[in-house]
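To start, the structure under review is shown below, and the notes come after it.
There are 2 protein chains.
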Amino acid sequence: MKKKILIHDVANHLDVSIATVSLVLNGKAKEKRISDELAERVLRYVEEVGYKPNQLAKSLRTGKTNVIGLVVEDISNPFFATVAALIEQKALARGYHIIYCSTNDDAAKTRDLLSVFQARHVDGYILALPAGVEEEVRALVRSGKPLVLFDRLLPGLLTNAVVVDGASGMYDATRHLLGQGYTNIALVTARAGQLQMASRAQGYAQALRERGLPELVQEIAFPQVPEHILQEMETFFAAHPACHAVIFATNYLGVYGLEALGRLGRRIPAEMAVVSFDDNDLFRLYSPPITVVAQPMEAMAEESISVLLAALESPNTEGTGRMVQLQLAPQLVVRGSSLRLTS
Amino acid sequence: MKKKILIHDVANHLDVSIATVSLVLNGKAKEKRISDELAERVLRYVEEVGYKPNQLAKSLRTGKTNVIGLVVEDISNPFFATVAALIEQKALARGYHIIYCSTNDDAAKTRDLLSVFQARHVDGYILALPAGVEEEVRALVRSGKPLVLFDRLLPGLLTNAVVVDGASGMYDATRHLLGQGYTNIALVTARAGQLQMASRAQGYAQALRERGLPELVQEIAFPQVPEHILQEMETFFAAHPACHAVIFATNYLGVYGLEALGRLGRRIPAEMAVVSFDDNDLFRLYSPPITVVAQPMEAMAEESISVLLAALESPNTEGTGRMVQLQLAPQLVVRGSSLRLTS
DNA sequence: GTGAAAGCGCTAACAT
DNA sequence: ATGTTAGCGCTTTCAC
């Protein structure tokens with residue numbers, strides 16, 4: 001049990017006051033006209049004994065924790081895991097740390113998480129939230145803490161946000177399938193009341209409407225036990241034998257969809273053309289490779305953290321600060337799963 | 001900018017002292033014989049105005065943060081992402097929060113992270129570390145903070161640990177391939193000096209030794225740019241045309257391996273039988289499905305957090321505490337990728 | 001049963 | 001140029 005060394009000990013040993021040590025450590029030496037020689041001596045000793053200021057005390061005093069709260073739907077989802085890893089890396093490079101939590105799309109859990117983050121005095125928030133927490137987020141904004149919504153907006157909430165234009169992504173995907181000659185195109189989406197799902201569905205609907213074709217939408221309730229999801233999908237596909245093309249609105253739906261189609265023995269793309277939102281290893285390496293609407297994850301991470309840090313470091317502590325709403329373009333990556341075989 | 005409510009405000013409003021409020025809030029009301037009526041009144045008002053104690057101040061005072069530092073190799077790796085999600089969930093259920101960071105297998109970055117966690121006074125650590133930080137971890141142990149190594153041990157370090165018996169997993173996998181009639185079995189592993197890699201390689205070697213068969217091991221340096229990894233693999237496979245079975249020592253090697261084999265046009269399992277360590281969606285849904293050595297992720301998460309919390313809540317603050325080393329059994333999941341086609 | 005007061009370790013305004 | 005000191009918000013001992 002090594003005894004923790006304190007600023008007091010450092011000051012004592014060097015025979016200076018703790019204020020001097022503190023000032024040197026916080027880069028205020030010049031400003032306070034502390035001799036370079038002394039400053040150097042302090043730094044050297046601190047390094048030597050490995051003194052690390054107690055961040056709790058520091059934060060309590062300064063009101064700044066250098067911690068960012070990251071709230072995602074599910075950290076084990078490859079999309080969120082990847083974006084989280086990128087955000088972590090970028091935040092670290094700028095001296096910030098991340099506390100993350102998964103909501104599992106549960107509003108009650110999310111409320112708890114937000115309140116815990118608040119109690120821990122995180123400096124700012126990056127949030128991908130479930131529906132139903134608008135009031136809490138509004139309060140958060142009012143509290144003056146910087147925050148950026150990512151992946152999805154919240155209805156009736158005007159704040160910093162970094163999202164992907166799912167409507168145009170889905171529109172492109174649907175047009176692509178239409179271009180391949182498919183006319184009976186299904187959309188499998190999540191029933192979750194999430195705004196980004198609605199906009200994806202809208203892009204799909206618009207492409208069909210332009211051609212006067214009917215929609216065929218299957219909503220899957222989430223979260224749910226995998227076996228049920230698979231069964232819902234199998235039932236759906238079985239009930240629509242005329243449907244030979246399907247778009248999955250998220251990566252996990254796509255994964256379940258492939259499994260369901262596999263169970264039904266449907267050959268891709270011969271018997272069923274497939275497109276999924278989100279890209280991942282599975283889609284890329286599947287046989288055939290799956291056509292996807294890829295989200296720009298690197299850009300989402302970069303923009304989210306940039307917008308947040310800009311707000312964090314802006315001088316206007318009042319709520320008058322500027323607001324940034326970014327909408328990034330996804331990219332349709334055409335692969336074998338959606339190509340009409342030459343007949 | 002809503003004004004933050006303090007314990008002081010609560011006490012003032014109720015016309016009691018802050019001590020009373022604090023005691024009630026910390027469940028010491030009975031012990032201190034505070035009237036039920038008063039306690040009830042405090043609780044109700046606290047609830048009403050949504051008072052949340054400042055965790056920084058609380059932690060500074062009590063020395064307890066209720067935060068656990070989780071250090072993994074890469075949070076975007078499905079294995080770590082899944083285990084992290086499980087650990088987070090289990091920790092939350094017990095009132096603890098997680099700060100996580102990825103090491104990217106970089107010893108210097110890891111040293112930084114550990115030191116930051118220390119400065120933030122996390123209550124305990126769950127660690128999957130790169131080689132080269134033994135000294136720091138030893139110091140951490142000496143400092144008396146509970147810690148559990150997971151996924152991998154560190155050479156010469158005796159601490160709490162939850163790992164998987166990679167040797168027996170690989171032994172089983174190799175025996176399985178031998179049983180299918182393969183004799184020229186390659187192992188593709190990561191050159192990283194990690195103990196769990198060594199033990200996996202050893203299981204493979206032992207199975208071959210028992211049959212008097214030669215080893216064929218390819219080490220891939222990590223981390224590295226994807227394109228290089230693919231090329232290294234392709235070169236390796238091209239250089240060993242007699243090799244018709246391969247085992248990948250981790251999930252990411254397996255993913256790259258499938259891509260490399262795909263590029264080379266090798267059919268699985270007809271031209272190359274494939275087994276990978278770790279299971280994931282890709283392996284499960286690939287055509288053919290990939291035989292894997294699956295790690296018990298749920299159990300790893302559960303045991304890691306249990307061991308840590310046990311240490312955290314044990315009364316012996318001295319280093320005399322008990323030490324737990326758990327080795328969990330992985331499970332060979334045989335799928336189509338490793339089955340000899342009936343000829 | 002309840003309240004006053006002493007810190008936890010640090011920063012920064014104010015003295016000197 | 002450097003030292004003194006008053007908090008940051010909370011917990012908890014000890015006196016009433």
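These protein sequence lines are chains A and B, in that order.
The UniProt record's numbering applies: residue 1 is where the first sequence begins, and numbers increase by one.
The UniProt record's numbering applies: residue 1 is where the second sequence begins, and numbers increase by one.
All C-beta atoms in this analysis are idealised placements derived from N, C-alpha and C, irrespective of residue type, glycine included.
query                                                                                                                                                                      : result
With which residues is A/Gln224 paired in a DSSP beta bridge?                                                                                                              : Paired residue(s): none; A/Gln224 is not in a bridge.
Enumerate in chain order the residues of its own chain whose CB-to-CB distance from A/Leu154 is below 8 Å, with the five nearest sequence positions on each side excluded. : Leu129, Ala131, Val133, Glu134, Val137, Leu195
Quick check: A/Ile99 and B/Glu88, are their CB atoms within less than 8 Å of each other?                                                                                   : no
Within 8 Å (strictly less), CB to CB, does B/Gln55 reach chain A?                                                                                                          : yes
Starting from the beta carbon of B/Lys52, find every residue of chain A whose beta carbon is closer than 9 Å, and list them in chain order.                                : Ser115, Val116, Gln118, Ala119
Quick one: Cα of B/Leu208 to Cα of B/Ile247, how far?                                                                                                                      : 13 Å
Please confirm whether B/Ile75 has its beta-carbon closer than 8 Å to some beta-carbon of chain A.                                                                         : yes
For B/Val16, name the three-state secondary structure that DSSP assigns.                                                                                                   : coil
For A/Val164, would you say it is in contact with chain B, using Cβ-to-Cβ distances shorter than 8 Å as the test?                                                          : no
By the 9 Å beta-carbon criterion, what residues does the segment 73-98 of chain A contribute toward chain B?                                                               : Asp74, Ile75, Ser76, Asn77, Pro78, Phe80, Ala81, Thr82, Val83, Ala84, Ala85, Leu86, Glu88, Gln89, Leu92, His97, Ile98
So for B/Gly254, helix, strand or coil by DSSP?                                                                                                                            : helix
Using the Cβ count rule (16 or more neighbours within 10 Å means buried), how would you classify B/Arg152?                                                                 : buried
From the DSSP output, which residues share a beta bridge with B/Gly124?                                                                                                    : B/Ile68
Short of 7 Å in beta carbon distance, which residues of its chain neighbour B/Asn66, apart from the five on each side in sequence? Order them along the chain.             : Gly95, Tyr96, His97, Asp123
Look up A/Ile99 in the DSSP assignment and say whether it is helix, strand or coil.                                                                                        : strand
Is there a Cβ of chain A sitting closer than 8 Å to that of B/Glu178, yes or no?                                                                                           : Note that residue 178 of chain B is Leu in the sequence shown here, rather than Glu. Judged by the 8 Å Cβ criterion, B/Leu178 is not in contact with chain A.
Would B/Gly262 pass as an interface residue toward chain A - the criterion being a Cβ-Cβ separation below 8 Å?                                                             : yes
So which of A/Leu140, A/Ala239, A/Gly169, A/Leu332 has the shortest CA-CA distance to A/Leu157?                                                                            : A/Leu140
Rounded to the nearest angstrom, how far is the Cβ of B/Phe277 from that of B/Ala260, given a contact under 8 Å?                                                           : Contact flag wrong, Cβ pair sits at about 17 Å.
Taking Cβ to Cβ, would you say A/Arg191 is nearer than 8 Å to A/Ile220?                                                                                                    : yes
Spatial neighbours of B/Val324 within its chain, please: CB distance less than 6 Å, with the 5 preceding and 5 following residues excluded, ordered by chain position.     : Asn160, Val307
Is A/Leu216 closer than 8 Å to A/Gly256 when the C-beta atoms are compared?                                                                                                : Correcting the residue type first, residue 256 of chain A is Tyr in the shown sequence and not Gly. It is not a contact, given that the beta carbons lie outside the stated cut-off.
Mind checking the segment 210-240 of chain B against chain A and listing, in chain order, the residues whose C-beta falls within less than 7 Å of any C-beta there?        : none
On the CB-based measure, 16 or more other CB atoms within 10 Å of its CB, does B/Glu318 come out buried or exposed?                                                        : Reliability of the predicted coordinates at B/Glu318 is poor, the pLDDT of 47 falling under 50, and the value obtained from them is presented with this limitation in mind. That one is exposed.
Would you kindly work out how many angstroms separate the C-alpha atoms of A/Glu37 and B/Arg61, rounded to a whole number?                                                 : 36 Å
Below 7 Å CB to CB, which residues in the same chain sit around A/Pro59 once its five sequence neighbours on both sides are set aside?                                     : It is Ser, not Pro, that sits at residue 59 of chain A in the sequence shown. Contacts found: Thr65, His121.
Which residue comes first and which comes last in the beta strand (DSSP E) that contains A/Ile185?                                                                         : 185-191
Can you give the Cα-Cα distance for B/Pro223 and A/Glu313, rounded to whole angstroms?                                                                                     : 34 Å
Cβ of A/Tyr125 less than 8 Å from any chain B Cβ?                                                                                                                          : no
Answer yes or no: does any C-beta atom of chain A fall closer than 8 Å to that of B/Glu259?                                                                                : yes
For B/Ser338 versus B/Val274, is the C-beta spacing smaller than 8 Å?                                                                                                      : yes
Is the CB of A/His255 under 8 Å away from at least one CB in chain B?                                                                                                      : Note that residue 255 of chain A is Val in the sequence shown here, rather than His. It does; some Cβ of chain B falls within 8 Å.
Any idea what DSSP makes of A/Glu318, helix, strand or coil?                                                                                                               : With a pLDDT of only 47 at A/Glu318, under the threshold of 50, the placement of this residue in the model should not be trusted, and no figure is reported.
Check whether chain B comes within 8 Å of A/Cys101, counting only Cβ atoms and requiring the distance to be less than that.                                                : yes
Identify the contact partners of A/Leu208 in chain B, using a Cβ-Cβ distance below 8 Å as the criterion.                                                                   : The premise fails here: A/Leu208 is roughly 28 Å from chain B at the closest Cβ pair, so nothing lies under 8 Å.
Less than 8 Å between the CB atoms is what I'm expecting for A/Pro146 and A/Ala311, so what's the real figure, rounded?                                                    : 4 Å
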